[in-house]
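Enquirer:
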Ligand SMILES: Cc1cc2nc3c(=O)[nH]c(=O)nc-3n(C[C@H](O)[C@H](O)[C@H](O)COP(=O)(O)OP(=O)(O)OC[C@H]3O[C@@H](n4cnc5c(N)ncnc54)[C@H](O)[C@@H]3O)c2cc1C
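Numbering (our numbering), first residue to last: 368 to 771.
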């Protein structure tokens, strides 16, 4: 098993083009986890970093099929948007998850049995062949099929009885598409913390069917999934609003792994005085992020900087840390930095720290929201069912928005 994702926008567009004709069969085949994952798009590593945007993906698919034909795929793309909007309005769920990871890692230090079980699970050395396969597939390729993610998380929580936060942390360290919203809330959903009282139980017959017999863990899995205890959902805060900024003032552009298509910020009326990039992949976890993730993201950022170089006056490229970014900003003679809006997660936390450091220097940090997010996120008020009803309207408005 090799990492199968070339970290360029060209590769993302090729993958999208190859997938579009498969959209009509997606609803009936997407649940099959087969070698090579022929029935799903494999676009998540690219969408996650917005090397190709949700809007571009939706427009490509809806350029060929009616919404009724492509409905299931369109809904899946909007699941990502929904989770993001949900977490934006309840950021303390991310903070609690982070505390939960730290707490569980502390337990691992003192409880030898837990430590051994956790290490066996992460290495794929349990008694469950299917689970071991997925653990190794994840580590080697940086990707897992959605159904495998659900089975894996369910077995982790209900059969191996390991803390869910350690499983989510394992995913976040190894998934190229590792995403604070989709991952944390995906794990919470399996555990019964997201939709209260509703858990996801991995069943041997379901695994055998949707792997076409590659695996059949009959008798190896828990046959019940008792929801985990957790706090009620926090009260909703307001979703973020677009900030206005002066495009004529001396401005720096800061790129991060959250959005590698800054074309919606750049344009005829704005060329940044100076540009730099920062990656926060190392902050996904207290433990080391996988080299598969680090290498993909660094190469993807290089690709982004090359693609947009004509739009920059001066580019310092990828800088190693926040100190270097602070230094760059202080020396550049700029009054503001504009950066693609980073949703809840390590990048947003790092940007908050940067804003704090820049304030005494008289430099403001502007987080530029995409219209796509501004329009959709406020609808993530309740469950996905209610959000889903807004999809036709959201899709109908895509034409007026900037795609990349
Ligand atoms: C426990 C668990 C953890 C997950 N962690 C992540 C994560 O860290 N990052 C991540 O991007 N997705 C995550 N997902 C969602 C989903 O598994 C992946 O987005 C999907 O498997 C990506 O593969 P694909 O691009 O081939 O998907 P496709 O089926 O081709 O779907 C197209 C796109 O729709 C979006 N999408 C599809 N299904 C979902 C979903 N259930 N939730 C949110 N978005 C979805 C993705 O952007 C995906 O690229 C998780 C799901 C579970 C159950």
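Note that beta-carbon positions come from the ideal geometry of N, C-alpha and C, so glycine has one too.
1. Taking 8 Å as the cut-off, is the beta-carbon of residue 387 closer than that to any non-hydrogen atom of ligand 1?
2. Cβ of residue 393 within 8 Å of any heavy atom in ligand 1?
3. Which residue from 420, 372 and 377 puts its Cα closest to that of residue 707?
4. Near residue 524, what residues of its chain come up, given a Cβ to Cβ distance below 6 Å and the 5 sequence neighbours on each side ignored?
5. For residue 654, collect the residues of the same chain with a Cβ closer than 8 Å to its Cβ; drop the 5 residues on either side in sequence, then sort them by chain order.
6. Figure out for me which residue from 426, 449 and 403 has the closest Cα to the Cα of residue 380.
7. Pop quiz: residue 711 and residue 458 are said to be a contact at Cβ under 8 Å. What is the actual Cβ separation, rounded to whole angstroms?
8. What would DSSP say about residue 611, mapped onto helix, strand or coil?
9. I need the DSSP call for residue 591, collapsed to helix, strand or coil.
10. Just how far apart, CA to CA, sit residue 463 and residue 533?
11. Among 759, 605 and 544, which has the Cα closest to the Cα of residue 662?
12. So, under 8 Å CB-CB, residue 640 and residue 668 are touching, yes? Tell me the CB distance rounded to an integer number of Å.
13. Unbroken beta strand (DSSP E) runs of length 3 or more, entirely within the segment 683 to 735: which are they?
14. May I have the straight-line CA-CA distance separating residue 516 from residue 554, to the nearest angstrom?
15. Around the C-beta of residue 613, are 16 or more other C-beta atoms found within 10 angstroms, so that it is buried, or is it exposed?
16. Can you round the beta-carbon distance between residue 682 and residue 689 to whole angstroms, since I take them to be within the 8 Å contact cut?
17. Nearest CA to the CA of residue 417: which residue from 727, 546 and 751?
Expert: By the coordinates alone:
1. no
2. yes
3. 420
4. 531 and 558
5. 472, 536 and 540
6. 426
7. 5 Å
8. coil
9. coil
10. 13 Å
11. 544
12. The pair is not a contact, with the Cβ atoms about 20 Å apart (cut-off 8 Å).
13. 703 to 707 and 731 to 735
14. 9 Å
15. exposed
16. That pair is no contact at about 19 Å.
17. 546
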